[in-house]
Amino acid sequence: MPSRIMSSTTLDRRGFFLAAGAIALTTACSPRGQDAAAATSQTVRMTGDGFDVTVPTRPTRVIVMEGRGDLEFALLAGYPIIATGNTFQPGARPAGQFEGLLDAQTQVIGGPDGPTAEEIAALSPDLIVMRANGWRLDWYGNDQLTKIAPVLPVEVNEPDFERYTVDQFSAIGLLDTVQPRLDEYQRTIDDAAAVTNGRRIALITSEPVAKGYVIVWTNYLGNAVATDMGFTVLHNNPEDEEGNYRLSVENLNQIADAEFIFHQTTDSTQIDGIAAWQNLPAVAAGCSAVLDPQLNNGLVITATSFANRLIEVVRNTD
C-alpha cells in the first residue's frame, strides 16, 4: 500500500505552509542534507501557522505542556523530558500509546489546564514544547512562557501526520531518529490488509450523546489511518476542513451500513442505553468498540496505536 507522505510544499487543510526549507536551513537541501545542516547549528528557526520561533536544536531540559501530541513529539525527538503536564488525566503518568516510553525520572506537573508558569520556571527548562494550536489560542500565556525558555509549537493531530512528521523532524535535524517509527507504521498498515478487506466502518465520537447527538469523523487522523489500512470509512471526506459533523441520535441510521463502528468516549454506558444505537446492525452483531480518546491527538506513534486497536477489534470479532 503506498505511503501518504507528501511534498513539504503541499498546502494543508488550514491553508498554510509548513516548509522545512523555511526553517533557517536552505530550501535546496534534501531532508538528509537538512539533518546534517541542523545538527551543526545551536539553534533552528521554526515557522508555521501563527508562529515564528527560534529554539535550541539539542535541548537538555525539556518541559511538555499538554502531555498528548506535544509529548509524542518530544518522545520522538528523543528530548530529555524533565517534566510533562497531563491535561487528560492530571497528576497521572501519561499512558495509552505512551506507556513505557517516558523516563521514570520525568515529573508530572500541572492540572487540567496544564502546568503553571511558576511550576515551569522552578524547573529551569531550556525548551518548552506545546501543541501549535495551544500557541495560536494562547492557552498557557505565551508571553510568560517565552520569558522562561524558548517555546516550540508543534503540529500534531492532522490527517496528513506523515508529512508533518517528515517536515518537522527534518527541520530539527532528527528525521533519522523518527524514521523507524514511520517504517513501523507502514508495516502495520501493510499487514492490516489481511483483515480489512475494504470493510465499511464508521468512526464517531459518542461522548456528547447525552446532548442528543454524536460526532461523525470526516477528516481526522483516524480517518487517514483507517483509509491507509484498507477500510472503507463511511462519510470520509479529505476535503472537509471542519473534519467532522454532528449527527442527531434520531438519524443514527445514517451509519447503519457500517460493518464495524468505532466510537470515542470515556463512558460507553451513555450510548449503550439508547435504542437507536442498539438497533444499528454493527452494534447488534457485537461489532462496535470503544476508542481511547487519547488516540485522537498525536503523530506516528498515535497513528500506529490507532491502527493496532482497529486490527485487534476486527480480529477478535472474526
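Quick note: the sequence shown, position 157, residue 1549 per the working numbering, numbers continuous.
Yeah, the Cβ is synthetic: ideal placement off N, Cα and C, and Gly gets one too.
Here the structure is a predicted model, which means the values were calculated and not measured.
First and last residue of the uninterrupted beta strand (DSSP E) at residue i
i, result
"Ile1596", "Arg1592 to Thr1597"
"Thr1439", "Thr1435 to Gly1440"
"Phe1490", "Phe1490 -> no beta strand (DSSP E), and no H or E assigned at all."
Residue environment, residue i, which counts as buried when at least 16 other CB atoms sit within 10 Å
i, result
"Pro1572", "exposed"
"Gln1670", "exposed"
"Arg1460", "buried"
"Thr1694", "buried"
"Gly1526", "buried"
"Pro1630", "exposed"
Inter-residue spacing [alpha-carbon to alpha-carbon] between residue i and residue j
i, j, result
"Asn1534", "Asn1645", "45 Å"
"Thr1446", "Val1641", "48 Å"
"Pro1482", "Ile1455", "15 Å"
"Ile1501", "Ala1469", "21 Å"
"Leu1529", "Gly1503", "18 Å"
"Asn1611", "Val1436", "31 Å"
"His1627", "Ser1516", "47 Å"
"Leu1713", "Asn1700", "Residue 1713 cannot be examined here, being either before or after the span of the chain that is shown, 1393 to 1710."
"Ala1475", "Thr1498", "5 Å"
"Ile1703", "Arg1485", "26 Å"
"Thr1508", "Phe1698", "31 Å"
"Ile1607", "Val1587", "26 Å"
"Gly1614", "Leu1567", "23 Å"
"Pro1451", "Lys1539", "16 Å"
Residue span of the alpha helix (DSSP H) that contains residue i, given as start and end
i, result
"Asp1462", "Gly1461 to Ala1469"
"Asn1636", "Careful: Asn1636 lies outside any alpha helix (DSSP H), inside the beta strand (DSSP E) at Asn1636 to Ser1640."
"Ala1509", "Ala1509 to Ala1514"
"Ile1663", "Thr1661 to Asp1664"
"Met1621", "Leu1613 to Met1621"
*Which ranges does the alpha helix (DSSP H) cover as unbroken runs of at least 4 residues, wholly within the segment 1552-1610, from first to last along the chain?*
As far as the segment 1552-1610 is concerned, its whole alpha helix (DSSP H) runs of at least 4 residues are 1553-1563 and 1567-1588.
*For the segment 1541-1552 against the segment 1682-1697, are there 3 or more C-beta pairs whose distance is under 8 Å?*
yes
*Using 8 Å as the threshold, is the segment 1575-1583 in touch with the segment 1657-1668, meaning 3 or more CB pairs across them?*
no
*Where in the segment 1651-1692 do unbroken runs of the beta strand (DSSP E), each at least 3 residues long, occur, reported from the N-terminal end onward?*
1652-1656 and 1680-1683
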